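> Okay, here's the structure, questions in a sec.
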Amino acid sequence: MANLSKTIQQQIQGIPEDTSFGYGELTIPAQQYPSAAKVLERLQQKGLIRKLSKGIFYKPKTTVFGEKRPGEEQVLKPYLYREGQRIAYITGTYLYNQMGLTTQVPAVIQIASRERRIFVNRGTVHATAVKSYVDVTEDNYQLLGLLDALKDLKDIPDVYMQAAIGIIIDQIQQLTESKLKEIVGYALKYPPRVRALLGAVLSSIGKGAIAKALKESLNPLTVFKLGINDKLLPSAAEWNIQ
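This is how it looks when you write it as structure tokens:
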């Protein structure tokens, strides 16, 4: 028990304040969870950690206004992983707010996952499930978030289209060549309007060659009425976007 207690305390020391963690982050064998629970209970009694929900804890952060509880993303973090592997990500209006696409903050957060439906009701934090188009990993969830933004672009609350397109173009321009090819591969699993928008963005930044597979996947007679013209997005007409 003494060795386990020391191991857990050393690992917790490396976790930033205001960051949630569960048994999975402590990298201890499952058979030691009952003993670990007693160690964590003692650490709570000492005020070194706080319990956020069943099996989820955090290191308290004290500010001039008192002790601060973790924000929504930290509360939801444990639901995004299974056995240390990411299986889900936050999407929808909450994500688009973080991206700067809208000032709206949703009352209910959307969590996308391909392998499970995730619902959360923890105090003031509420989340509902949406289906991811592909399997979610630590390496691809940000790309999937970008594709979600393209999918929902027309329907994002209070979106200012010119600014939103500029933000998305800027983020895509920052991707490496391999990541651009990767996002194209994922886009092929998304609805046609997403493929067209991504293709137009890639063409507009001089990456039209990478977008070839997107063009080939689209019906040349389909017109996408999204309220976007060549002034807002160069190459829009080339991709039948209006």
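End of the sequence shown sits at 248 in my numbering; the numbers just go up one at a time, nothing left out. Every residue, glycine too, gets a C-beta built ideally from N, C-alpha and C. Predicted model only: the values in this text are computed from it and were never measured.
#1: Closest to A243 by CA distance: which of L220, A215, A206 is it?
#2: Report yes or no: do three or more beta-carbon pairs, one from the region 110 to 123 and one from the region 51 to 64, lie closer than 8 Å?
#3: Does the distance from the CB of I247 to the CB of L232 come in under 8 Å?
#4: Along the chain, where does the beta strand (DSSP E) containing N127 start, and where does it finish?
#5: By the 10 Å Cβ neighbour count, where 16 or more other Cβ atoms means buried, how is F27 classified, buried or exposed?
#6: With V45 and L10 assumed to form a contact (beta carbons below 8 Å), what rounded beta-carbon distance in angstroms separates them?
#7: Reducing DSSP to helix, strand and coil, say where S241 ends up.
#8: Tell me the start and end of each unbroken beta strand (DSSP E) in the region 89 to 166 that is at least 3 residues and wholly inside, in chain order.
#9: Given a cut-off of 8 Å, decide if T97 and G151 are closer than it, judged by their beta-carbon atoms.
#10: Tell me S41's beta-bridge partners as DSSP assigns them.
#11: Whole-angstrom Cβ separation of L203 and L156, contact assumed at under 8 Å?
Let me spell this out:
#1: When each option's Cα is compared against that of A243, the closest is A206.
#2: no
#3: yes
#4: 126 to 128
#5: buried
#6: 6 Å
#7: coil
#8: 94 to 97, 115 to 119, 126 to 128, 131 to 137
#9: yes
#10: In the DSSP output, where bridge partners are listed per residue, S41 has none listed.
#11: Indeed they touch by this definition, with Cβ atoms about 5 Å apart.
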